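Number of protein chains: 2
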Amino acid sequence: MAIDRSLLSGSTAMLLLRLLEERDMYGYEMIETLEQKSQNVFTLKAGTLYPLLHSLEEKGLLTCYEREADGKVRKYYSITREGRKNLKARREEWQEYQRAVVSVLQTAW
Amino acid sequence: MAIDRSLLSGSTAMLLLRLLEERDMYGYEMIETLEQKSQNVFTLKAGTLYPLLHSLEEKGLLTCYEREADGKVRKYYSITREGRKNLKARREEWQEYQRAVVSVLQTAW
DNA sequence: TATTATATGTAGATTATCGATATATGTCAA
DNA sequence: TTGACATATATCGATAATCTACATATAATA
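In order, the protein sequences belong to chains A and B.
Position 52, counted from 1, in the first sequence is what my numbering calls 52; the numbers after and before it change by one each time, with no gaps.
Position 73, counted from 1, in the second sequence is what my numbering calls 1073; the numbers after and before it change by one each time, with no gaps.
In structure tokens:
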């Protein structure tokens, strides 16, 4: 990663769900989109992404279907109702965490 | 933790260094102070803190000395010059990471 | 005197991410 | 046409951060 990988820990699933909130995507597309949207801060590895997608699917947060595009069969992922609910919770958790970090970093003692 | 523990990953050392930037503290004091300053978002466990303090000391980011206070011998930690340098880098990394998350979450596509 | 808060510590388990590796197809330039 | 590179998906084992559980000891309080 461009940044210490441990910082990303736990927020990757949220970021993927956020991408899929906008539109269905296939795995490789998510890696590239995240990279662009974050100005190269998030350079997610395939070895991280695919197992994560499978586990999100198992948990019912995503569904998967195959579709041909540009002469290639790709696996598109779609966020479920449960996935949207989960995303909402993760966003709130992230806001809470972020506020807390800022308050420790900026505190005037 | 009050929040998903994985979110905290990687930022704990930064938070501890930040506390010690203000004044020397002993371990237990850091747990309580973090809890207060974060409004109970960061409830760091002893099993996380002490090994982390030892590793930061090994890396030369902290030094340790014993002192008696309130009739108790406590182990106070002090941030080193190297620790301040490290804190500065971690803060910058955190800002970069935070900006990137926000930009993915908020992006108007 | 018993319990709780303070205070420090270790061992083992869990989890997220990574690097390395594997496979297969499409594209483009030499 | 052939070799290299980008695209696309996937698994395995290693690494690292945190947790739970446990252990120990003292001080304060009921």
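Every residue, glycine too, gets a C-beta built ideally from N, C-alpha and C.
For clarity, every value in this text was computed on a predicted model and none was experimentally measured.
### Query
Can a CB atom of chain A be found closer than 9 Å to the CB of I1003(B)?
yes
### Task
Round the Cβ separation of L147(A) and I31(A) to the nearest angstrom and send it over; I've been treating them as touching at under 8 Å.
As displayed, chain A neither begins before 1 nor continues past 109, which places residue 147(A) out of reach and without an answer.
### Query
Can you name the start and end residues of the alpha helix (DSSP H) that S1009(B) belongs to?
Segment: none, S1009(B) is in no alpha helix (DSSP H) and carries neither H nor E.
### Query
Closer than 9 Å, CB to CB, is V73(A) near chain B or not?
no
### Chain-ordered neighbours of Y1050(B) on chain A, where CB pairs are closer than 8 Å
Here the premise fails: no neighbours, minimum Cβ distance about 19 Å.
### Query
Can you list the beta strand (DSSP E) stretches of 3 or more residues lying completely in the stretch 66-103 of chain A, in chain order?
72-79
### Reference L1007(B), options E1068(B), F1042(B), R1067(B) and K1085(B), closest by Cα
F1042(B)
### Task
Leaving out five residues on either side along the sequence, give the residues of the same chain with a beta carbon under 6 Å from the beta carbon of H1054(B).
none
### Query
Apart from the five residues on each side of it in sequence, which residues of its chain come closer than 7 Å, Cβ to Cβ, to L1049(B)?
G1027, M1030 and I1031
### Task
Can you have a look at R1018(B) and say buried or exposed, based on whether 16 or more other CB atoms are within 10 angstroms of its CB?
buried
### Query
Would you call E73(A) buried or exposed, if buried means 16 or more other Cβ atoms sit within 10 Å of its Cβ?
It is worth fixing the name first, because residue 73(A) is Val in this sequence and not Glu. With fewer than 16 Cβ atoms within 10 Å of its Cβ, V73(A) is classed as exposed.
### Task
Pull up the distance between the alpha-carbon of A89(A) and that of L62(A), whole angstroms please.
16 Å
#### Entry: Cβ neighbour criterion (16 or more within 10 Å) applied to S11(A)
buried
### Task
Could you tell me whether any Cβ in chain A is nearer than 9 Å to the Cβ of E1093(B)?
yes
### Task
Give a yes or no on whether the minimum CB-CB distance between E1096(B) and chain A is below 9 Å.
yes
### Message
Within 9 Å of any Cβ in chain A, is that where the Cβ of K1037(B) sits?
### Response
yes
### Query
Would a C-beta distance cut-off of 9 Å place L176(A) and G83(A) closer than the cut-off?
Nothing about residue 176(A) can be reported from this structure: the residues present for chain A run from 1 to 109 only.
### Query
Just how far apart, CA to CA, sit K75(A) and C64(A)?
6 Å
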